[in-house]
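Worksheet for the structure shown next.
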Amino acid sequence: MNPVDEMLKETETTRGETPEGAEIIRPYSTRAWDELAEMELTPPEIVWGGFALGGSCVIFGQGGLGKSRLALNLARNQVLGIPFAGLPTAPRPLRHLMMGSENSIHRLQSDVRKMGAGLAPEQVAKLGVHTLLATLEGPEDSHISLASPANVEKWAATLEGWPPDVLWVDPWGDVLAGDANGDEDTRATLSALRRLLRKVNPSAGMGILAHARTGARNIMQAIGYDAANFGKGSKALYSSARCVWNLAPGDEGENPLLVCVHAKSNDAPKFPPFAVSLDPETMLYTRAADFDFDGWQSEVAARANGKAGTRRGPRLTEDDAFDALGDETGTAAEVHQKLREKGATRDEADDLCKRLVVAGRWERWRPALRHTPVYIGPPDAMNRRRKLVAEQAQGRFEV
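Numbering-wise (this note's numbering), the sequence shown opens with residue 31 and increments by one.
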């Protein structure tokens, strides 16, 4: 029996021996030195990136940056047993309950459809068994603050109806009961959530998505000595978490890279900073292998000091982009990468591809096969690509 189960058993015994109406006071958990040294403890089960079951992980990021979608993508990959952003996920599929107050059923449906495109039916069914999302269909479904006794009852009913292994809370500010800057209110809300969660699954983990402060000076604090100051509100949220990730925008575009900084990790070694990019076709994040972290820090520091930052060269034209690919095709990711190597930003590369397709100079094509990418290129080159894919598919089906 693990220590958590022992404590729960002890609590039930105490309740049984306590006269009705008397207050149950349980002392703090303590162990003797030699007892602790001899205990056979089960290693913590890591969900992803140092986030261990039984503990809490806080992901800080500015509003609208993509925290909700990133958490959903992480849950998807974990259930399917594949890494997320180049980091391993827990090997067994866990039950993820995505509780939120901001994303409508239409937004969520769009995301799950895109994230599920190309998956086998059994994979989609597996996601259905292991992932439950709050869809905000009722008039009060967005009211999730624990300040309301009625909301607490709805939380309890939801958790009892579908006990999760991982509870995702999004956003923290809408759940918090009390002052966002109050340490006691923050700790009290966390304790209430933990009690509700551990009642249905004592070993469950809690992922909390919380807002970070904005502006270049504050973005600089995502990493380094000031990492604990990156999030908004009470620092009790940071200090109570066993794992913290800070997310910052990699540029000033509408769909920026996400710079991911492992600010705190009590149950596993910290990972070095990296960046991920969102594929708008699949709504999936992938590791940005070419991200210049030092250059990003310099750019943000320059902006924080009131400077313009690194000067860029002339913008890439449609003709430049067309010549860069030549008479070839490539996957959407490969073509975007080529254009970025020629000096385009991520948003400019995406815009150039769209304009060249609309102009008829390039085509976009996704083969009607499972797990195939989108290809981009001139019409003649695309015809060759279609023929090649057809030949490869024919060879695969021949016995």
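Idealized CB from N, CA, C, for every residue including glycine.
Residue pairing for Phe-114: DSSP places it in a beta bridge opposite Leu-117. The three-state secondary structure of Tyr-315, taken from DSSP, is strand. Annotation for Asn-181: the continuous alpha helix (DSSP H) segment containing it runs 179-191. Secondary structure at Asn-107: helix, using DSSP grouped into helix, strand and coil. When the beta-carbon positions are compared, Lys-144 and Val-109 stay at least 8 Å from each other.
Residues Ala-379 of the same chain have their beta carbon placed closer than 6 Å to that of Arg-370, with the five preceding and five following residues left out of the count. At the C-beta level, Phe-90 and Ala-240 come within 8 Å of one another. Distance from the CA atom of Cys-273 to the CA atom of Pro-408, rounded to whole angstroms, is 47 Å. The C-beta of Ser-86 has 16 or more other C-beta atoms within 10 Å across all chains shown, which makes the residue buried. Across the set Leu-95, Val-365, Leu-418, Asp-195, the C-alpha of Leu-95 shows the shortest separation from the C-alpha of Val-306.
In the three-state DSSP reduction, Pro-279 falls in the strand class (E or B).
In this structure, Gln-327 is the residue among Gln-327, Pro-123, Val-199 with its C-alpha nearest to the C-alpha of Ala-246. Contact check for Arg-415 against Thr-359 passes: the beta carbons are separated by less than 8 Å. Under the DSSP assignment, Gly-91 falls in the beta strand (DSSP E) whose first and last residues are 86-91. For His-126, the enclosing beta strand (DSSP E) starts and ends at 126-130. One Cα belongs to Asp-171, the other to Ala-210, and the distance between them is close to 21 Å.
Assignment of Thr-347 by DSSP, reduced to helix, strand and coil, places it in the coil class. Residue pairing of Thr-161 in beta bridges, as defined by DSSP: His-126.
Around the CB of Met-69, fewer than 16 other CB atoms lie within 10 Å, so the residue is classed as exposed.
DSSP links Leu-197 through a beta bridge to Leu-127, Met-236.
If you look at Gly-407, you'll find it isn't in any alpha helix (DSSP H); it sits in the beta strand (DSSP E) that goes 405-407. Rounded to whole angstroms, Lys-184 and Leu-226 show a C-alpha spacing of 11 Å. Per DSSP, Ile-54 lies in no alpha helix (DSSP H) and is assigned neither H nor E. Between the alpha carbons of Asn-181 and Asn-231 lies a gap of roughly 20 Å. Per DSSP, the beta bridge partners of Gly-360 are Ile-406. Ranked by Cα distance from Leu-223, the options Val-404, Glu-364, Met-129 are led by Met-129. In the three-state DSSP reduction, Gly-96 falls in the coil class, being neither helix nor strand. Taking the Cβ atoms as the reference, Cys-290 lies roughly 13 Å from Leu-308, outside the contact range of under 8 Å.
Here Gln-139 is exposed, its C-beta having fewer than 16 other C-beta atoms within 10 Å.
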